[in-house]
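To keep things clear, I will list the structure first and then write my remarks on it.
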Amino acid sequence: MKTTGFDSKTLIDSVNLTSEQEMLRSLLNLTKLAVPRPAALPSSSTRPAITALCRNYSLFQPQIAPSLCSPTGLSPVQESVRTVTKFSWGKGKRKSVHSVLERFYRLHWGIWIRRKAGCHKHLWKKSPQRKRRLRQHVFCNATQSYLLDKMVGSYWRKPRYYVNDPYEPYHSREEFHLTAKKPRPYSSPEQI
Numbered sequence: 006m007k008t009t010g011f012d013s014k015t016l017i018d019s020v021n022l023t024s025e026q027e028m029l030r031s032l033l034n035l036t037k038l039a040v041p042r043p044a045a046l047p048s049s050s051t052r053p054a055i056t057a058l059c060r061n062y063s064l065f066q067p068q069i070a071p072s073l074c075s076p077t078g079l080s081p082v083q084e085s086v087r088t089v090t091k092f093s094w095g096k097g098k099r100k101s102v103h104s105v106l107e108r109f110y111r112l113h114w115g116i117w118i119r120r121k122a123g124c125h126k127h128l129w130k131k132s133p134q135r136k137r138r139l140r141q142h143v144f145c146n147a148t149q150s151y152l153l154d155k156m157v158g159s160y161w162r163k164p165r166y167y168v169n170d171p172y173e174p175y176h177s178r179e180e181f182h183l184t185a186k187k188p189r190p191y192s193s194p195e196q197i
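So the sequence shown is numbered by my numbering: it starts at 6 and just counts up by one.
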C-alpha cells in the first residue's frame with residue numbers, strides 16, 4: 006500500500022533503527038503504515054523518527070526542523086513565583102519568606118509597616134523634603150497584612166519585646182475597639 010510516493014520499505018531503509026527498536030520495525034512491516042516526513046524540512050539528527058509506543062500517543066512522529074523546536078533561551082512571559090515553602094525538606098514545616106522579614110515590620114496589633122517605595126533610588130536628584138518623606142514608614146492595608154501574615158511563621162506573628170524599642174509607642178492601638186487591650190475607663194452618666 007503506497008501513500009504519496011512513500012512506502013514502508015523506503016521509510017524503514019531511510020531510518021537507522023537501533024536494536025531496542027527491532028520490535029517496532031517488525032510491527033511496521035506487519036501494519037504497512039507509513040508516515041511521510043516533510044521534504045522541505047531538514048532532518049534534525051540521525052535518530053530515528055519512530056518513537057516508543059506510549060499511552061495516548063501515535064506510533065510514529067514526524068521529525069521537526071531544529072530551527073522550529075530548539076529553545077531560544079529567551080522566555081516571552083515572566084512567570085510569577087511565590088516563594089512560600091509550605092513543607093520543608095527537613096521537618097515538613099512551613100518556612101518564612103526572608104524578603105518579607107527584611108522589608109516589612111509587624112506591629113503588635115497586627116498591621117505591617119514598610120518604608121516608602123524608592124527610598125534608596127536616585128537620591129541625588131530628589132529634594133530634601135522628598136527624601137524626608139521617603140524615610141517615613143507607611144502602613145500596609147488589611148489585604149497586604151493578611152498576605153504577609155501567611156508568608157511568615159507563627160514566631161514572627163507573636164509580639165516580641167526589645168530594650169529601647171523605637172516602635173514601642175506604635176505597638177498599641179487603644180483608640181480602636183477591636184485592637185484595644187485595656188478596658189475603657191468608666192464614665193458615669195453624670196459626667197456626660
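In this text, a Cβ means the ideal position worked out from N, Cα and C, and glycines have one as well.
If you check the beta carbons only, do His176 and Trp114 fall under 9 angstroms apart? yes
Scan the stretch 90-125 and note each continuous alpha helix (DSSP H) run of 4 residues or more that stays entirely inside, going in chain order. 103-108
So, at 7 angstroms on beta carbons, what are the nonlocal neighbours of Arg119 in its own chain, with the 5 sequence-adjacent residues on each side left out? Arg108, Phe109, His142, Val143 and Cys145
So which of Tyr167, Ser193, Met156 and Leu183 has the shortest CA-CA distance to Thr90? Met156
Mind checking who Val143 pairs with in its DSSP beta bridge? Arg119
Closest residue to Ser104 among Lys130, Ser132 and Leu153 (Cα-Cα distance): Leu153
Output needed for Gln149: all residues of its chain with C-beta closer than 8 angstroms, excluding positions within five of it in sequence on either side, in chain order. Trp117
Distance between Leu112 and Asn169 (C-alpha atoms, nearest Å): 15 angstroms
Would you tell me roughly how many angstroms separate the C-alpha atoms of Gly158 and Arg99, rounded to the nearest one? 7 angstroms
Just to check my reading of the structure: Gly1 and Leu139 have Cβ atoms closer than 8 angstroms, yes? What is that Cβ distance to the nearest angstrom? The structure shown does not extend to residue 1, since the chain spans only 6 to 197, so no value can be given for it.
Alpha helix (DSSP H) segment containing Ser159, residue limits: Ser159 to Arg162
Under 8 angstroms by Cβ, that's how I've got Lys187 and Glu179 pegged, so tell me the actual separation to the nearest angstrom. 6 angstroms
Does DSSP classify Lys155 as helix, strand or coil? helix
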